[in-house]
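For the record, in the sequence shown the residue sitting at position 30 is 38 according to our numbering, with numbers rising by one throughout.
Yeah, the Cβ is synthetic: ideal placement off N, Cα and C, and Gly gets one too.
Okay, so here's the structure we're looking at.
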Amino acid sequence: MIQPMLLLLILKKPTHGYELIQSFNALHEDEIVEPGTIYRNLRRMEKEGFVLSNWEATETGPARRNYAITRAGLKALQGAVLKLKQQKKEIEDFLTEYSDLAAKEGHSDEN
9 MIQPMLLLLI
19 LKKPTHGYEL
29 IQSFNALHED
39 EIVEPGTIYR
49 NLRRMEKEGF
59 VLSNWEATET
69 GPARRNYAIT
79 RAGLKALQGA
89 VLKLKQQKKE
99 IEDFLTEYSD
109 LAAKEGHSDE
119 N
């Protein structure tokens with residue numbers, strides 16, 4: 009789920025790794041992802057052609073590596089969205105079946 013989220017964040021706003029880490033972790037406060045994990049995924053996505061990077065000099069510090077999504081990255085994101093929608097439907101179907109059975113059998117399905 010890391011790569012689709014990174015692709016979505018980059019599609020929303022092409023930016024540098026540190027900002028991606030902050031944005032990613034702000035959305036996943038319950039499970040913080042280490043910077044190394046984010047950077048490894050960014051490098052992997054660049055090798056796969058899903059993102060492009062370029063170095064940009066800054067006035068106040070070291071150069072930053074900025075990331076932008078490619079057409080292949082957009083297709084990968086769209087594929088991930090379709091897969092997640094299918095998984096969501098399967099989970100919803102399962103939970104409906106379970107709730108129906110629990111109600112029929114007199115079991116509580118709350119936890």
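Specify whether the stretch 19 to 26 and the stretch 92 to 105 touch according to this definition: at least 3 beta carbon pairs, one from each stretch, less than 8 Å apart.
Fewer than three beta-carbon pairs drawn from the stretch 19 to 26 and the stretch 92 to 105 are found closer than 8 Å, and the two stretches are therefore not classed as touching.
Residue 99: first and last residue of the uninterrupted alpha helix (DSSP H) it sits in
79 to 113 is the span of the alpha helix (DSSP H), which, as asked, contains residue 99.
CB residue 76 to CB residue 60, shorter than 8 Å?
Yes, Cβ-Cβ distance for residue 76 and residue 60 is below 8 Å.
Which residues bound the beta strand (DSSP E) around residue 64?
From DSSP, the beta strand (DSSP E) with residue 64 extends over 59 to 64.
Below 8 Å, can you find three or more Cβ-Cβ pairs linking the stretch 80 to 89 to the stretch 105 to 117?
Contact check between the stretch 80 to 89 and the stretch 105 to 117: fewer than three CB pairs, one atom from each, fall below 8 Å, which does not count as touching.
For residue 34, does the three-state DSSP call read helix, strand or coil?
Residue state, collapsed to three classes: helix.
Which residues in the same chain as residue 80 place their Cβ atom closer than 7 Å to its Cβ, once the five residues preceding and following it in sequence are excluded?
Around residue 80: 57, 58.
Taking the alpha-carbon of residue 45 as reference, which of 112, 74, 10 has the nearest alpha-carbon?
When each option's Cα is compared against that of residue 45, the closest is 10.
According to DSSP, is residue 23 helix, strand or coil?
DSSP, read as helix, strand or coil, puts residue 23 in strand.
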